[in-house]
Amino acid sequence: SDKKLKEAERRRERLVEDGYVLADDILCSDNTHQSSLIQKLREGITILHKDHSIPATFILLFDQTWELARLAKTNLGASTHENNIFNFDVLAWYIDPTENVAGFSPHRDRQPEDAPSSFHKCQQAKYVTM
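If you use our numbering, the sequence shown corresponds to residues 6 to 135, in order.
Have a look at this one:
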């Protein structure tokens, strides 16, 4: 649809101009399903960490993680260069909201020594972390 194409273009422009884009509300057209999926993952990571002392990365054993990855691949793929491939390189962390800590600040993974070579000629990055 035109709306999806315009949103993909907006995200692509933000990636080029700002180096990042917020995409927390666009993973799927059914935001109820998305919210439920994210909530299940959040609860699962918390249970793994608090109840079993198991690292958050073990959430990758559950289908909901890969459903979210599939949604990201399908719905955010149009926001990056057509030659970029979603590689399903997925990580997870537990960040306790009561400990006044945060996750990563915006950064760039896979930064080579020759940084210009990590961009397509149109200035879109060859590697995008979601």
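Glycine included, each C-beta is placed from N, C-alpha and C at the ideal position.
| Query | Result |
| --- | --- |
| Since LEU20 and GLN116 should fall inside the 8 Å C-beta cutoff, what is the C-beta to C-beta distance between them, to a whole number of angstroms? | Their Cβ separation, rounded to whole angstroms, is 16 Å, which puts LEU20 and GLN116 out of contact at 8 Å. |
| Decide if the segment 48-58 is in contact with the segment 72-79; the criterion is three or more beta carbon pairs, one per stretch, under 8 Å apart. | no |
| Does the structure place the segment 56-63 close enough to the segment 85-101 that three or more beta carbon pairs sit under 8 Å? | yes |
| Might you give, ordered along the chain, the residues of its own chain that have their beta carbon closer than 6 Å to the beta carbon of THR134, omitting 5 neighbours on each side? | ASP114 |
| Cβ of TYR25 within 7 Å of Cβ of PRO111? | yes |
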